[in-house]
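>
4 protein chains.
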Amino acid sequence: MASTIDFRPERSQYVYTFGGAEPVMRVKPGTTLSLWSEDAFNHGLRSVTDVASHTLDMRYLNPQTGPFYIEGAESGDTLAVHIVSLTPARSWGVSATIPFFGGMSSTDRTASLQPALPEATWIYEVDAVAQTVGFQARFGNFEVALPLAPMLGTVGVAPAAGEVRTSLVPERFGGNMDTPEMRAGTTAYFAVNVDGAMLSIGDGHYRQGEGEACGTAVEGAMDSVIIVELIKGGGPLWPRLETDDYWMVVGSSRPMEDSWRIAQLEMVRWLSELFDLHEMDAYQLLSQVSEAPIANVVDPNYSVVVKVPKAHFRSGRAYDGIHGDLRARAAALR
Amino acid sequence: MASTIDFRPERSQYVYTFGGAEPVMRVKPGTTLSLWSEDAFNHGLRSVTDVASHTLDMRYLNPQTGPFYIEGAESGDTLAVHIVSLTPARSWGVSATIPFFGGMSSTDRTASLQPALPEATWIYEVDAVAQTVGFQARFGNFEVALPLAPMLGTVGVAPAAGEVRTSLVPERFGGNMDTPEMRAGTTAYFAVNVDGAMLSIGDGHYRQGEGEACGTAVEGAMDSVIIVELIKGGGPLWPRLETDDYWMVVGSSRPMEDSWRIAQLEMVRWLSELFDLHEMDAYQLLSQVSEAPIANVVDPNYSVVVKVPKAHFRSGRAYDGIHGDLRARAAALR
Amino acid sequence: MASTIDFRPERSQYVYTFGGAEPVMRVKPGTTLSLWSEDAFNHGLRSVTDVASHTLDMRYLNPQTGPFYIEGAESGDTLAVHIVSLTPARSWGVSATIPFFGGMSSTDRTASLQPALPEATWIYEVDAVAQTVGFQARFGNFEVALPLAPMLGTVGVAPAAGEVRTSLVPERFGGNMDTPEMRAGTTAYFAVNVDGAMLSIGDGHYRQGEGEACGTAVEGAMDSVIIVELIKGGGPLWPRLETDDYWMVVGSSRPMEDSWRIAQLEMVRWLSELFDLHEMDAYQLLSQVSEAPIANVVDPNYSVVVKVPKAHFRSGRAYDGIHGDLRARAAALR
Amino acid sequence: MASTIDFRPERSQYVYTFGGAEPVMRVKPGTTLSLWSEDAFNHGLRSVTDVASHTLDMRYLNPQTGPFYIEGAESGDTLAVHIVSLTPARSWGVSATIPFFGGMSSTDRTASLQPALPEATWIYEVDAVAQTVGFQARFGNFEVALPLAPMLGTVGVAPAAGEVRTSLVPERFGGNMDTPEMRAGTTAYFAVNVDGAMLSIGDGHYRQGEGEACGTAVEGAMDSVIIVELIKGGGPLWPRLETDDYWMVVGSSRPMEDSWRIAQLEMVRWLSELFDLHEMDAYQLLSQVSEAPIANVVDPNYSVVVKVPKAHFRSGRAYDGIHGDLRARAAALR
């Protein structure tokens, strides 16, 4: 039977990059990891009176738990990461506006001479019974309870070509893709670029809208249970996701149409494989069945998800049905 | 009781622009219009042996039915268009690849020296009982039945500033937004720019994936029943949509992040109005609740939809609840 | 001998679109036109105390002089417009910041929630002897005399496909390209889209930096002398420019890399024609010799110029050497 | 008197990243470095029959000479790199088309389903007397001698935040900016991010057009003489360049308008410093005097240069006139 490893990093063990860090441990394929991760603000925002520009240390955002060296993983392989469960590890989440960050602000890239938007911090209380987080207006009197919808902003491996990227970056290696599709029940597939793959996770979100417009979700420390598996060979060009209902690809680049083009092309190829289709037929079919939600428009790369609903198809098994196996193993864990 | 007008244009009455055309008729607010529209290929692709570059007249694509002069509509007003029903007017739909058009090809804008992709035409038979359209591979042997999901690619009014745009363009005036959200049950709100608003519709899709990747959906002639209403004043900056489940804004520009920024900003403002929120609170709230599907990445402007689920909220009435009224009137028509 | 026509429009004759306007007169190919044009602000900013949001009527910006119906011009032909001379028609020019307009501001497209930049107006006195315009700081004490460098922001013809665009738009038909290359000594080539071509000019700049960063140049009424010629057939896909020193193409789209791609592809094709080169050789050669200044990053489309220096080549005659002929005729006019 | 160090790396010493490499040596500020660098193809293309996809090892492109640890350099400081001379180190340069790379091709980011462009290699013979490189058509019979115009595609320091980037990337740390402005006589200023700054150079170009359209310049091994100086503090946000004639900033991002926005904003700030101007006055002035050539549209980020001609100004001394000092020292070296 596969083992389970619990790991809660010390603050000194937090990692802020993909690539470039020593593994916290070596784990065998098939291992279940029960992990705690700090919130993206590194616990720097704890009340509505905390303000990003005063309280946050911008060098230490998006702390990652990991990296884990997966035994036997070699460049070109496929790492499968199945999310068994995500549980808020605190009774509150937090979101904030940060100067010159976010989708409704000029930034260091989309530069302007305009002043920054006001800074503000919103605390969302978790109601574990109702399974909600509570929005409270900061500039008026309005409250609304929103469904708890835990997800991981960041899951990824070490980049190729010896690169090291901050944990704020979404790229081919995964990273800060900030898509609500990264939730319990999802299997993510990444190409392995270095020996051991070097898997890290973090940036728990108690919920997030598509686009992550203000730049931060309902951020919170997270208890994550994941199963890691290794498939020899077949590393996908860009991260692929699978749920019971969808096959998905996440593209991350700029401008945003390029993120879509990346995900679309990779999905054309995946569909071609799944159903032995000519690329032109896959392109045509995908044109009529794809869903294409935006993931984030705020990170160093913008991320777009291209999804194909499985419901349309009677056949189609990805990676020899490993997602189904992982679902079964996840169910057995509960 | 409100009147119903049936209108099926002669070929000589087809219109290929928003703006610049004489109205086909004047109608009073509250009128139900039962309209037939030709497919986007102008009936130029009727079998898999028809090829776009030989068979299509590129000057006459996306023929519109209209424009309708809405009595009393003046610049600054809001035109509400409720889609009662959309019914395929033929037993088959058609999609095609067109040289240097579509999301997986270089184009006249995203120019390259590469050769065009192969041209091909796919015919989708409508199964009216099963409510499906049938995909058949052109380069192999694969079939799949996809749910019929009729929508209008194009709904819009005359542009501002005396502009005339082809019916291929999505913009502030609506037009070729190519979003699956434009389906039966949706109310669309447009700012009126000229006397009479000059409403046109067309580009029926029997179904379409988000992004409309190859540049064409399952295109087909359509029988549309719509109700037009006029709201004095309050013309929105960009097209707004409302269903029983969502408030939505459609932004159309390039690059695609700008389409999103447009829709996001307009939705911040709409949320502020709906719930009397400060813009910063609306921005924060929207960051956690928005859905953001891509509509098209293939037209002269790319379109992105920003959606807010009504389910989160107990209050919030747009335009004095006109959507509910229109739903009731639509139900009475059946 | 070719005739010269003087024309100074009445205010009621100003035109604010390309396409959609009746010609002010019909002229024969070969005609010299001596034209006066109002400044882009429509004379709405006349002192540093005039402020754009109070003084300008945004419906009436960039007034054009024209359109001129060029006899014999038919769709597919090439209209050659040679600029003989550009002379400031006032003793002062003016520039200004306009809310949510310009390259260092969020705009209606690159939308944000940030407040607008401060509005300000700068008056530049023309020193006709020194041939300079004088910059004076508005928020401090700094003055500098800059060389007078007159150019036309806007030269264009009626669009194809029945479109009508505002005079703020640069596109295939030319229009508001805002490039300093449009100066005395330049021949511009446009494809004719409609009978008579319908040439207009306007938006005189006493000088402009590349990019037109704040959105407005040193704007001023202009006396322009131009010669119009007609070449049957050969209409270029995008506007081409020729001087004694350069062959150039202007591409206008979004994002800006697409403007460049457009101009680059069209220049590959022009080089291929000029020197009977294979496209791959033209692509390679162009990669080593092109100059690529940005024209504007502020208009509805961004414009980029791709230039090839003639000095590298001993041969190469465009359009049967018409530029040389026009230069000679221009010299004879002085 | 300042020392001169000659360094020609062994192949095993080539470095393919900015950041992440051990210094080849420590040098004192003021040192003159005489450096040899391999060409961007790592000497993999030596004749027209060599083809990129067969001959190149894509893991080992753009080899850098360095990094040099500059003694005393600390995060926040300014590293000044003056280019004394650039001399082709071989009698021929080489350019090539590489599958799915370059501005007139779809790429891994601007993805399409189209086939790759033909691969070809062009050899340019250097004529040291005439100071030219010779273009020879590969698909026809055309030759032209182009002026030798040596420049460095790549000059940079280690990135901030512990990142490691491949030597193909242009960014805040400099790197593969691919601008012809990086030539003899230019002083480049970089912010220091890590102790020792970790300066590397490479990617010699015997000449390059603006945009580097096909993705490769006339690539060649280069003998570079540079002087490195350290200015305590004042590290610029983005690389600045200075020549006798211009102040310049290089912005690198995507989409290309963001590269321009970055460079424009940084130049507004530099102008403000140079002439004690309010930002709005600097913005206005820059709008009328800037030149804005594109550097590259082919690298992972696109680079744009914003230039201000010194000729307009009687005053303005950057970094206490260090450029003039370096010019004098460079002259003394000859």
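Residue numbers (numbering that gives the first Met the number 0), protein chains in the order written: chain A, 0 to 333; chain B, 0 to 333; chain C, 0 to 333; chain D, 0 to 333. Even glycine gets a Cβ: it sits at the ideal position worked out from N, Cα and C. Every value quoted in this text rests on a predicted model; they were computed, and no experiment measured them.
(1) Going by alpha carbons, who is nearest to H277 (chain B) out of A:A119, A:S104, A:G184 and A:R89?
(2) Quick check on the DSSP output: the alpha helix (DSSP H) that includes D280 (chain B) runs from which residue to which?
(3) Can you tell me the Cα-Cα spacing of N41 (chain C) and Q113 (chain A), whole angstroms?
(4) I'd like the list of long-range same chain contacts for T185 (chain C), defined as Cβ closer than 6 Å, with 5 residues on each side in sequence excluded.
(5) Any beta-carbon of chain D closer than 9 Å to the one on M266 (chain B)?
(6) With a Cβ-Cβ cutoff of 9 Å, do S74 (chain D) and G173 (chain D) count as a contact?
(7) To the nearest whole angstrom, what separates the beta carbons of A6 (chain A) and T64 (chain A), a pair I think is in contact under 8 Å?
(8) In angstroms with no decimal places, state the Cα-to-Cα distance between G29 (chain A) and L32 (chain D).
(9) Closer than 6 Å by C-beta to K231 (chain B): which residues in its own chain qualify, once you throw out the five before and the five after it? Chain order, please.
(10) In whole angstroms, what is the alpha-carbon distance linking E218 (chain C) and M247 (chain C)?
(11) In angstroms, rounded to a whole number, what distance separates the CA positions of V307 (chain A) and P98 (chain B)?
(12) Whole angstroms is fine: what's the gap from E209 (chain A)'s alpha carbon to V288 (chain B)'s?
(13) I want to see whether chain C comes within less than 9 Å of Q12 (chain A), judged by CB atoms only; does it?
(14) Alpha carbon to alpha carbon, what distance is there between G250 (chain A) and V304 (chain D)?
(15) Can you pull the chain A residues whose beta carbon is under 8 Å from the beta carbon of I293 (chain B), in chain order?
(16) Can you say whether H53 (chain C) is buried or exposed, counting buried as having 16 or more other CB atoms within 10 angstroms of its CB?
(17) Beta-carbon of P254 (chain D) versus every beta-carbon of chain B: anything under 9 Å?
(18) Give me the subset of the stretch 92-116 of chain B whose CB atoms are less than 8 Å from a CB atom of chain C, sorted by chain position.
(19) What does A51 (chain C) touch in chain B if you count any residue whose Cβ is under 7 Å from its own?
(20) Going by alpha carbons, who is nearest to G336 (chain B) out of B:W35, B:A136, B:R171 and B:P117?
(21) State the Cα-Cα distance for the pair R328 (chain B) and G320 (chain B), rounded to the nearest angstrom.
(22) Using only the alpha-carbon positions, how far apart do P169 (chain B) and G155 (chain B) sit?
(23) Taking beta-carbon pairs under 7 Å, can you tell me which members of the stretch 149-164 of chain A lie near chain D?
(24) What is the residue span of the alpha helix (DSSP H) that E180 (chain D) lies within?
(25) Q207 (chain D) and P179 (chain D): beta carbons closer than 9 Å?
(26) With H, G and I counted as helix, E and B as strand and the rest as coil, what does DSSP make of G234 (chain B)?
(27) Thinking just about the alpha-carbon of each residue, which of B:N140, B:G195, B:V128 and B:H204 is nearest to the one in L151 (chain B)?
(28) Contact defined as beta carbons within less than 8 Å: I believe S94 (chain D) pairs with Q130 (chain C). What is the distance between those atoms, to the nearest angstrom?
(29) Can you pull the chain C neighbours of W121 (chain D), defined as C-beta to C-beta under 7 Å?
(30) Once you ignore the five residues that flank I69 (chain A) on each side, which residues in its own chain have a CB closer than 7 Å to its CB?
(31) Given that a residue counts as buried once 16 or more other Cβ atoms are within 10 Å of its Cβ, and exposed if not, what is N300 (chain A)?
(32) Does the beta carbon of Q287 (chain A) come closer than 9 Å to any beta carbon on chain D?
(33) The beta strand (DSSP E) with M57 (chain B) in it runs from where to where?
(34) Identify the contact partners of G208 (chain A) in chain B, using a Cβ-Cβ distance below 8 Å as the criterion.
(35) DSSP beta-bridge partners for N295 (chain B)?
(36) Run down chain D in chain order and give the residues with a C-beta less than 8 Å from the C-beta of E211 (chain C).
Let's see:
(1) The sequence position of residue 277 (chain B) within the second sequence is 278, counting from 1. Considering only alpha carbons, the answer is A:A119.
(2) In the second sequence, counting from the first residue as 1, residue 280 (chain B) sits at position 281. Segment E278 to V288, the alpha helix (DSSP H) holding D280 (chain B).
(3) Here residue 41 (chain C) corresponds to residue number 42 of the third sequence, with the count starting at 1. Here residue 113 (chain A) corresponds to residue number 114 of the first sequence, with the count starting at 1. In a straight line, the C-alpha of N41 (chain C) is about 27 Å away from that of Q113 (chain A).
(4) Counted from its first residue, the third sequence places residue 185 (chain C) at position 186. If we look at T185 (chain C) and ignore the five residues flanking it on each side, its Cβ neighbours are I82, L240 and T242.
(5) Against the second sequence, residue 266 (chain B) aligns to sequence position 267. Judged by the 9 Å Cβ criterion, M266 (chain B) is not in contact with chain D.
(6) One-based indexing of the fourth sequence puts residue 74 (chain D) at position 75. One-based indexing of the fourth sequence puts residue 173 (chain D) at position 174. For S74 (chain D) and G173 (chain D), no; Cβs fall outside 9 Å.
(7) In the first sequence, counting from the first residue as 1, residue 6 (chain A) sits at position 7. In the first sequence, counting from the first residue as 1, residue 64 (chain A) sits at position 65. In the sequence on display, residue 6 (chain A) carries Phe and not Ala. Right, their Cβ atoms sit about 7 Å apart.
(8) By 1-based counting over the first sequence, the position of residue 29 (chain A) is 30. By 1-based counting over the fourth sequence, the position of residue 32 (chain D) is 33. One C-alpha to the other measures close to 53 Å.
(9) Taking the second sequence and counting its residues from 1, the one referred to as residue 231 (chain B) is at position 232. Closer than 6 Å at the Cβ level, and outside the excluded window around K231 (chain B), lie D76.
(10) Along the third sequence, one-based indexing puts residue 218 (chain C) at 219. Along the third sequence, one-based indexing puts residue 247 (chain C) at 248. The alpha-carbon atoms of E218 (chain C) and M247 (chain C) are separated by roughly 24 Å.
(11) Counting from one through the first sequence, the residue named residue 307 (chain A) turns up at place 308. Counting from one through the second sequence, the residue named residue 98 (chain B) turns up at place 99. Roughly 25 Å between the two C-alpha positions.
(12) In the first sequence, residue 209 (chain A) corresponds to position 210, counting from 1. In the second sequence, residue 288 (chain B) corresponds to position 289, counting from 1. For E209 (chain A) and V288 (chain B), the distance between alpha carbons rounds to 8 Å.
(13) In the first sequence, counting from the first residue as 1, residue 12 (chain A) sits at position 13. False, the Cβ-Cβ gap to chain C never drops below 9 Å.
(14) Along the fourth sequence, one-based indexing puts residue 304 (chain D) at 305. Along the first sequence, one-based indexing puts residue 250 (chain A) at 251. Each residue's alpha carbon lies about 29 Å from the other.
(15) Looking up residue 293 (chain B) in the second sequence gives position 294. The contacting residues are W259, A291, P292, I293 and V303.
(16) Here residue 53 (chain C) refers to the residue found at position 54 of the third sequence. Exposed is the call here.
(17) Translated into positions along the fourth sequence, residue 254 (chain D) becomes position 255. Chain B, which has a Cβ nearer than 9 Å to the Cβ of P254 (chain D), makes this yes.
(18) D107, R108, T109, A110, S111 and L112
(19) On the third sequence, residue 51 (chain C) is found 52 positions in, with the first residue counted as 1. Here the premise fails: no neighbours, minimum Cβ distance about 17 Å.
(20) Since the first and last residues shown for chain B are 0 and 333, residue 336 (chain B) lies out of range.
(21) Here residue 328 (chain B) refers to the residue found at position 329 of the second sequence. Here residue 320 (chain B) refers to the residue found at position 321 of the second sequence. Each residue's alpha carbon lies about 13 Å from the other.
(22) Along the second sequence, one-based indexing puts residue 169 (chain B) at 170. Along the second sequence, one-based indexing puts residue 155 (chain B) at 156. If you take the alpha carbons of P169 (chain B) and G155 (chain B), they lie about 9 Å apart.
(23) A160, G161, E162, V163 and R164
(24) On the fourth sequence, residue 180 (chain D) is found 181 positions in, with the first residue counted as 1. First-last for E180 (chain D): undefined, no H or E at that position.
(25) By 1-based counting over the fourth sequence, the position of residue 207 (chain D) is 208. By 1-based counting over the fourth sequence, the position of residue 179 (chain D) is 180. In this structure, P179 (chain D) lies closer than 9 Å to Q207 (chain D) by Cβ.
(26) Locating residue 234 (chain B) in the second sequence gives position 235, counting from the first residue. Reduced to three states, the DSSP call for G234 (chain B) is coil.
(27) On the second sequence, residue 151 (chain B) is found 152 positions in, with the first residue counted as 1. Minimum Cα distance to L151 (chain B) is reached at B:H204.
(28) Taking the first residue of the fourth sequence as position 1, residue 94 (chain D) is located at position 95. Taking the first residue of the third sequence as position 1, residue 130 (chain C) is located at position 131. Actually they are not in contact, since the Cβ atoms of S94 (chain D) and Q130 (chain C) sit about 42 Å apart, beyond 8 Å.
(29) Here residue 121 (chain D) corresponds to residue number 122 of the fourth sequence, with the count starting at 1. Those are Q283, listed as they occur along chain C.
(30) As a working mapping, residue 69 (chain A) is identified with position 70 in the first sequence. Here the set comprises V26, P28, L78, G195, A196, L198, V227 and L229.
(31) Counting from 1 along the first sequence, the entry for residue 300 (chain A) is found at position 301. The residue in question, N300 (chain A), is buried, as its Cβ has 16 or more Cβ neighbours within 10 Å.
(32) By 1-based counting over the first sequence, the position of residue 287 (chain A) is 288. Taking Cβ atoms only, chain D never reaches closer than 9 Å to Q287 (chain A), which makes this a no.
(33) As a first step, residue 57 (chain B) must be located in the second sequence, where it is residue number 58. No beta strand (DSSP E) contains M57 (chain B), which DSSP labels as neither H nor E.
(34) Walking along the first sequence from the start, residue 208 (chain A) turns up at place 209. Residues of chain B passing the Cβ test: L285, S286, Q287, V288, S289, E290 and A291.
(35) What you label residue 295 (chain B) is simply residue 296 of the second sequence in a count that begins at 1. Per DSSP, B:G210 and B:S302.
(36) To locate residue 211 (chain C), count along the third sequence from 1; it is residue 212. Those within 8 Å of E211 (chain C) in chain D are S286.
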